[in-house]
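Numbering (our numbering), first residue to last: 34 to 370.
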C-alpha cells in the first residue's frame with residue numbers, strides 16, 4: 034500500500050483546467066481521469082495525504098489502477114510524482130498546464146502532405162493494419178514522426194504492424210512504442226527486429242511471473258518492471274527460482290509483495306544460488322545447524338544417570354532383620370511371663 038502526500042491549499046471547490054478537459058481527458062482511460070480528479074480534489078481541499086487503498090476504495094478500483102494512473106499522468110507531464118522513501122510513498126504535485134506547448138502539429142500542412150503519393154500510400158497501409166480510418170490528428174502525428182524521429186515509412190509500418198499484432202491499436206499505445214524506439218536509437222528495420230525480439234523475450238517471462246502472482250493487469254508500475262527485469266536480466270534467474278521465491282514470500286507473509294520477493298532473490302543471488310536444488314541444499318544445511326533438544330546427551334537433564342544413581346543409593350541401603358514374634362511379646366508384656 035502506498036501513501037500520496039499532496040502539496041495543497043485549502044479550497045471548497047475543485048477547479049479543473051479546460052486544457053485538461055480538452056486535450057488530456059479524451060485520450061485517457063476513464064479510471065485514470067477518476068484518479069486525477071479525486072487527487073486534485075484532495076490537493077485543493079487541504080488534505081495532507083491519502084493512501085492508495087483509500088483512493089481505490091472510494092473509486093471502486095484496484096490499488097494497481099491508482100498507481101498506474103499516477104504514473105500515466107506523470108508521463109503526460111501534468112503532475113510530478115516524487116518518491117519519499119523506499120516504502121512506496123510519494124509526493125504528488127499538480128503542475129500548471131496552461132503553458133504546455135501544443136507541439137509541432139501546426140507546422141505540418143496535412144493537405145500538402147496528402148498530395149505526396151508516398152505519404153498517402155503509407156497512411157492507407159496504416160489504416161489497413163489498424164482496421165479503421167485515421168483521424169486528421171493521427172495522420173499529422175505519423176507524418177511528424179518521419180521528420181522528428183527520423184523514421185522511414187517502412188520502419189513506421191513495422192511499428193504499426195507490431196502494435197496491431199499485440200491487439201494494441203489505440204493512438205496512445207502506438208505513440209508510447211514510437212517514443213521507446215526513438216529513445217533506443219532505432220533507425221533501420223534490423224534495429225527494430227532486434228529490439229522487438231529482446232523486448233518480447235523479456236516480457237514473455239514477466240507475464241509468466243505476473244500470472245503466477247495472480248496479477249491480471251500487465252501494465253505494472255515502472256519500479257516493479259525494473260525489479261522484474263533485474264531478476265531476469267541481471268540475476269539471470271530462471272522462472273522456477275523466481276516462482277520459488279514467490280512461494281516463500283506467500284508462506285511467510287500470506288501475500289505477494291514485490292519488495293519482499295526482491296529481498297529473497299537478492300539474498301539467493303549473493304549466496305550463488307543457480308537452481309532450485311541449490312535452494313534445497315541451503316535449507317538442509319541450515320537445518321543441520323539447529324540444536325537438537327530431543328537428544329538427552331545435548332540437554333541439561335541426564336535422566337539415565339539420575340535414575341542409575343537413585344537406584345544405586347536405594348539398593349546399597351543396609352536393611353535390618355527384625356524378629357516380629359519377639360517384638361509382639363514385648364508389646365503385650367508376655368516376655369515378663
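Note that beta-carbon positions come from the ideal geometry of N, C-alpha and C, so glycine has one too.
For residue 180, the uninterrupted alpha helix (DSSP H) segment begins and ends at 169-181.
The alpha-carbon separation between residue 145 and residue 118 amounts to approximately 52 Å.
Annotated three-state conformation of residue 215 is helix, per DSSP. Just so you know, the alpha carbons of residue 285 and residue 291 end up roughly 14 Å apart. Burial check for residue 120: the Cβ neighbour count within 10 Å stays below 16, so the residue is exposed.
Beta-carbon to beta-carbon, residue 265 and residue 235 are separated by about 6 Å, close enough to satisfy the 8 Å threshold. Counting along the chain, residue 198 sits inside the alpha helix (DSSP H) bounded by residues 186-198. C-alpha of residue 111 to C-alpha of residue 130: approximately 6 Å in a straight line. Rounded to whole angstroms, the gap between the alpha carbons of residue 54 and residue 156 is 29 Å.
At a Cβ-Cβ threshold of 8 Å, residue 77 and residue 47 count as neighbours. A buried status is given to residue 72, since no fewer than 16 other beta-carbon atoms sit within 10 Å of its beta-carbon. Between residue 108 and residue 64 the beta-carbon gap is near 16 Å, outside 8 Å, which marks them as no contact.
Counting C-beta atoms within 10 angstroms of its own C-beta, residue 85 has 16 or more neighbours from the protein chains shown and is therefore classed as buried. In the structure shown, residue 166 falls within a coil segment according to DSSP collapsed to helix, strand and coil.
One Cα belongs to residue 228, the other to residue 218, and the distance between them is close to 10 Å. Only residues of its own chain outside the window of five on either side were considered, and among them 273, 274, 277 have a CB closer than 7 Å to the CB of residue 309, listed in chain order. Residue range 222-246 is occupied by the alpha helix (DSSP H) that includes residue 244. A check of alpha carbon separations from residue 194 across 116, 210, 58 identifies 210 as the nearest. Residue range 272-286 is occupied by the alpha helix (DSSP H) that includes residue 274. For residue 162 against residue 197, the beta-carbon gap comes to about 5 Å, under 8 Å, which counts as contact. Our two residues, residue 57 and residue 100, have alpha carbons roughly 18 Å apart in a direct line.
Residue environment for residue 212: exposed (fewer than 16 other C-beta atoms within 10 angstroms of its C-beta). Annotation: residue 260 to residue 269 spans about 12 Å, alpha carbon to alpha carbon.
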